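At position 39 of the sequence shown the residue is numbered 39 (the UniProt record's numbering), and the sequence of numbers has no breaks.
Notes follow the structure.
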Amino acid sequence: MRAILTPILLLVSLLALNGASAQPQRHPPYFASISAGRAMMRTGPGQNYPGTWLYVRPDLPIRVIEIYQNWRKVQDPEGTTGWMLVNLLSDRRTAIVRGSAAAPMHESPDPGARVRYRAAPGVVGRVSRCGGGWCRFDVHGRDGYVRIDSLWGVGPDETVG
């Protein structure tokens with residue numbers, strides 16, 4: 001009986017590990033975000049490769065540029081590339097305000113609409129309903145529409161949501 005249980009437990013463990021990825025299989029390149037409070041970027045797709053950066057900023061947008069088993073080669077907003085374990089990533093769409101000026105967050109996707117807030121460069125927020133050059137951008141419950149060209153984490157012609 002014990003000889004039968006060991007292979008069954010091994011099979012169940014392998015299936016659990018294979019199904020443990022935080023992201024479904026997609027074709028790169030695509031945007032995602034860091035889900036973990038501490039995420040190590042490595043020089044290669046394995047824990048035996050040296051770490052190059054430790055990210056401590058959950059929701060930071062990243063661009064997945066290559067896939068190898070449960071590892072993703074990613075690019076951060078500064079252009080740094082390396083490998084992260086898929087379990088450290090999320091499909092939650094976020095973006096970071098780029099440039100040197102605050103991005104106006106409008107009441108509607110119209111440059112003439114009232115500005116509700118201004119998001120400083122480097123601010124990370126969640127994006128939804130992107131299209132026509134605008135994204136709904138939410139920073140801890142304060143939201144508005146921001147021009148896509150003010151954000152990193154959304155393609156220039158991409159439609160989200």
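Cβ atoms here follow ideal geometry from the backbone N, Cα and C, with glycine treated the same way.
None of the values given here were measured: they were computed from a predicted structure.
Under three-state DSSP, which class holds residue i?
i      : result
Val139 : strand
Cys86  : Checking the sequence, you will find Val at residue 86 rather than Cys. Of the three classes helix, strand and coil, the one that applies to Val86 here is helix, per DSSP.
Ser33  : strand
Met1   : Only weak support exists for where Met1 lies, its pLDDT of 49 falling under 50; the value from the coordinates is given anyway. Coil, per DSSP.
Ser21  : With a pLDDT of 44 at Ser21, under the threshold of 50, the modelled position of this residue cannot be trusted; read the value that follows with caution. Reduced to three states, the DSSP call for Ser21 is coil.
Gly155 : coil
Leaving out five residues before and five after residue i in sequence, what residues of the same chain have Cβ atoms less than 8 Å from its Cβ?
i      : result
Tyr68  : Pro45 and Trp83
Thr159 : Cys130 and Gly131
With a cut-off of 8 Å on the beta carbons, I'd call residue i and residue j a contact; round off their distance for me.
i      : j      : result
Gly122 : Ile96  : 6 Å
His106 : Arg114 : 7 Å
Taking the beta strand (DSSP E) that residue i belongs to, which residues open and close that run?
i      : result
Ser128 : Val124 to Gly131
Arg98  : Here Arg98 belongs to no beta strand (DSSP E), and DSSP marks it neither H nor E.
Tyr49  : Per DSSP, Tyr49 belongs to no beta strand (DSSP E) and is neither H nor E.
Take residue i and list the residues in its own chain whose beta-carbon comes closer than 6 Å to its own, dropping the five residues that flank it on each side.
i      : result
Lys73  : Ile65, Glu66 and Trp83
Gly51  : Met40 and Arg42
Pro104 : Val115 and Arg118
If I measure Cβ to Cβ from residue i and keep anything under 7 Å in the same chain, skipping five residues before and after, which residues do I get?
i      : result
Ala36  : Pro58 and Leu88
Gly120 : The identity of residue 120 in the sequence shown is Ala, whereas the question assumes Gly. Within the same chain, Ala120 has close Cβ partners Val97 and Ala102.
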